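*Asks:* In this note's numbering, the protein residues as written are 20 to 953.
(1) Does DSSP put residue 73 in a helix, a strand or coil?
(2) Do you know offhand how far residue 135's Cα is from residue 321's?
(3) So residue 641 and residue 418 are in contact, right, with Cβ under 8 Å, and what is the actual spacing, rounded?
(4) Measuring only the C-alpha atoms, how far is residue 507 from residue 514?
(5) Pull up the DSSP beta-bridge partners for residue 277, would you.
(6) Considering only residues of the same chain and omitting the five flanking positions on each side of residue 747, which have a CB-CB separation below 6 Å?
(7) Measure the Cβ-Cβ separation of residue 89 and residue 179 and say whether it is below 9 Å.
(8) Three or more C-beta pairs closer than 8 Å, one from the segment 828-836 and one from the segment 32-43: is that the case here?
(9) With a CB to CB cut of under 6 Å and the five nearest residues on each side skipped, what residues in its chain are close to residue 779?
(10) Roughly how many angstroms lie between the CA atoms of residue 559 and residue 461, to the nearest whole one?
(11) Distance check for residue 37 and residue 859, CA to CA, integer angstroms please.
(12) Tell me which residues share the same chain as residue 12 and place their Cβ nearer than 6 Å to its Cβ, disregarding the 5 neighbours each side in the sequence.
(13) Would you call residue 352 buried or exposed, if buried means 16 or more other Cβ atoms sit within 10 Å of its Cβ?
(14) Alpha carbon to alpha carbon, what distance is there between residue 173 and residue 848?
(15) Among residues of its own chain, excluding the 5 on either side of residue 912, which ones have a beta-carbon nearer than 8 Å to its beta-carbon?
(16) Please name the residue, chosen from 671, 774, 766 and 222, that lies closest to residue 755 on a Cα-to-Cα basis.
(17) Which stretch, first to last residue, makes up the alpha helix (DSSP H) that contains residue 412?
(18) Considering residue 868, what are the terminal residues of the alpha helix (DSSP H) in which it resides?
(19) In angstroms, rounded to a whole number, what distance separates the CA positions of residue 799 and residue 783?
(20) Kindly indicate which three-state DSSP category residue 784 falls into: helix, strand or coil?
(21) Along the chain, where does the alpha helix (DSSP H) that runs through residue 429 open and close?
(22) Helix or strand or just coil, what does DSSP make of residue 495?
(23) Measuring CA to CA, which of 535, 127, 230 and 217 is closest to residue 158?
(24) Drop a sphere of 10 angstroms on the beta-carbon of residue 140, count the other beta-carbons inside from all chains shown, and report buried for 16 or more, exposed for fewer.
(25) At the level of alpha carbons, what is the spacing between residue 921 and residue 877?
(26) Please report how far the alpha carbon of residue 327 lies from the alpha carbon of residue 615, in whole angstroms.
(27) Taking C-beta to C-beta, are residue 563 and residue 586 nearer than 9 Å?
(28) Whose C-beta lies closer than 8 Å to the C-beta of residue 23 among residues of the same chain, with five residues either side of it excluded?
(29) With respect to the alpha helix (DSSP H) encompassing residue 816, which residues constitute its N-terminal and C-terminal limits?
(30) Using only alpha-carbon positions, find the residue among 650, 32 and 198 that is nearest to residue 822.
(31) Residue 538 to residue 608, Cα distance in whole Å?
(32) Locate the alpha helix (DSSP H) running through residue 954, then write down its first and last residues.
(33) Ignoring anything shorter than 3 residues, give me the beta strand (DSSP E) runs that lie fully in the segment 588-676, in order along the chain.
(34) Apart from the five residues on each side of it in sequence, which residues of its chain come closer than 7 Å, Cβ to Cβ, to residue 482?
(35) Is it buried or exposed, residue 268, if we count other Cβ atoms within 10 angstroms and call 16 or more buried?
(36) In three-state terms, what does DSSP make of residue 482?
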């Protein structure tokens, strides 16, 4: 046994605190009898010393013969049903053999690890959950860490792993080394995976890059544990292109499939094997990605039929391949978009594009170098709801109009009814909640330099947001969410106060929206509406529910030069307010003759004389971003055509349209087709460089990406491209991009190692910055067909032996061996500070008793006898005078004394006391007075 202190330096305070207590004791003027005074000193010193010792955190090292075992159960998919039954039987027998004081925990693991039963002395087997862990992988290292965390430090510790040893995630030997360093022994039990007969596609090889018109071959390696027959199905982009009946021998079988040429673009090739004797269907397919180079293709997405027709015709006449699609069925899938060199949005509203589609389009441009051209119209840019969306992030222009000819943009005032009736609503959602949702959605449509105010009213007015710029939405949305229903309905005072706040604002468009669900007293609405018209303020109204005063609201909307919306279904409220906000934002549309002026040179506008171009009839006003290049502008310097680099791709914004509304005169302009061909080609991704080749190899859950870069097609002209910054962008099957740097590892060779945890198609783009600053992009992809859990079959006893050997354990078969007490006893620290604190508390109470409580000897004696009687002891009664009278008579001396006292008492004198002595009561009083004076 050894005594240690966690903070030994604090022991210096023991004599210091004791000296301080002694000094205070010496200087105290409180009177106590000497013995009690000294006892108080001893108790106080002891209390302070115990507290300081407790702060020093003393611990005594005690050895105990306690055993704690964590049993780790492999529940991955490679463990078959029979092996799972054997596993559970082994666990039950092991728990039945454990000692009464032995502790045990049970951990299940697959791709992750979870504790099935916490550490306890219970010998009943836990109920194992069939879906407690992800079985698609085996992470023994995670299981070891979880098992170690469940074992206490003060016991002999052991872990028992029941597994087939087929790890495919992390490194179990490193976790075993940590366990050995911590003094934890690991024993292993080898399980037979017994998966039964198995047929699997081990590998599929296909060329990563082809030229359009090239035939290609696919090589498949198929493994089988038994001789059997099977059918091979080859699919390209999900379409079946061929089926072949084959005979499989036990072992690895190799097949070569010759296929017809593919069209330009990226294609997914997948091989599926079908056999009647197969056990695991997860490993019956594999895939590859083939990139076919060819003429660039352009995808035009129309917001409405005919929006891109003139543009498509002009591009086709320039030799480009064009596909046209409506936004409702546009192929905005990452794998499909990569077939196109550029995407053109023709007057497409952001409100009809799903968030996932916008994310795919953003990744296509930013991560894979795709081109994007956005063509305007009355449903694009600001009126199309681009503000604060991925579209605005990608564009070289912002939707706000600060400093523009349509200056100060929009000032929107929301006047929201918060009376008590707004607390009700259909389907569990109150009208108040829907009004909040609608107000927040409307605010999110505003540009950074638009202004917004929110006035709530019942029978009083409550400013939720005073008019402010919509640059920071968080406080605005927070204030809107604070609206609560209650009170009556007074519309006229609310409109009047909102008018007073809106009229002095500097904005081209000042608009007010009233949302209410009830009736209200009449007021001087005609006079107020006249004042609003004089201040160029418009008013729209939305009636919520069937109880709204529709007649009043329609009159107000008519007098306010606005629109009335029937919100009989409260769930339509967000949609109606968003629609109204977009109508207001149409103030950004400038419909007047405008002749574009060339500002900055670009390949998009080279060799075109815009002085001969006819005027446009209109455009959507926007503001160019600082990093953007404005190529064409209006006479007010509003951007007409602008461009910039967004990630790896190039984006151009044309704020007019491309049809016979604003560009009707341009359709007759001779350079119309040339202009649009140059604009679209400016955005397109450059063609693949045949001198840069991408290859990918997969080992376990890691993919090694390799780029070989060189110049010259002939060997004599070949020169390696060295020391170039190289970046790979990998997009996983979920659409999440990951960017990694690729350092150079050999002449002209660049590599990177990235994790690939999910099954599916991974899209890859490698960008390399040349010495002249230009960027070369190479795209490709690969397929992780299935988890390595389904690739390697059988039991890896070598790994299990290595894990056991590193920790001093062994491979065992008998369940009783799990709880054998053959481990050295462990010394565990036991803290003493709780006992020291308890002793200090007891001594403190004793100190208070010594100083505050006085007990006389008779009281102490009486208490002693009372305790004895309470405990059942019987004491002899004290003798009385009558009992001792005969003894006094037989003793002359005593009798004489008694006789004298009896005689003196008879004569009225006390001869036993000195003459002239004071009475006893007087002496007691004097003694008390002397004590008080001290």
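Just so you know, even glycine gets a beta-carbon here, dropped at the ideal spot from N, CA and C.
In this text, all values refer to a predicted model and were calculated from it rather than measured experimentally.
*Replies:* Quick look at the numbers:
(1) Looking at residue 73 - three-state DSSP - the assignment turns out to be helix.
(2) 56 Å
(3) 6 Å
(4) 15 Å
(5) 236
(6) 724, 759, 761, 771 and 785
(7) yes
(8) The segment 828-836 vs the segment 32-43: no contact.
(9) 752
(10) 14 Å
(11) 14 Å
(12) In the structure as shown, the chain starts at 20 and stops at 953, and residue 12 therefore has no counterpart that could be examined.
(13) exposed
(14) Going by the C-alpha atoms only, they are around 7 Å apart.
(15) In this predicted model, residue 912 has a pLDDT of only 48, less than 50, meaning its place in the structure is not dependable enough to derive any value.
(16) 774
(17) Counting along the chain, the alpha helix (DSSP H) containing residue 412 begins and ends at 409-413.
(18) 852-871
(19) If you draw a straight line from the Cα of residue 799 to the Cα of residue 783, it comes to about 5 Å.
(20) Residue 784: strand per DSSP, three-state reduction.
(21) Where residue 429 is concerned, there is no enclosing alpha helix (DSSP H), although the beta strand (DSSP E) it sits in stretches over 429-436.
(22) helix
(23) 127
(24) exposed
(25) Here residue 921 scores only 41 on pLDDT, less than 50, and its place in the model should not be relied on; the value that follows carries that caveat. Rounded to the nearest angstrom, the two C-alpha atoms are 28 Å apart.
(26) Each residue's Cα considered, the two are about 21 Å apart.
(27) yes
(28) 77, 78, 79, 80 and 848, listed in sequence order.
(29) Boundaries of the alpha helix (DSSP H) harbouring residue 816: 816-825, taken from the DSSP string.
(30) Ranking the options by Cα distance to residue 822, first place goes to 198.
(31) 37 Å
(32) One cannot answer for residue 954 here, as it falls past the ends of the chain, which runs 20 to 953.
(33) For the segment 588-676, the continuous beta strand (DSSP E) assignments of 3+ residues that do not extend past its boundaries occur at 648-652, 658-665 and 668-673, in sequence order.
(34) 474
(35) So residue 268 counts as exposed.
(36) Looking at residue 482 - three-state DSSP - the assignment turns out to be strand.
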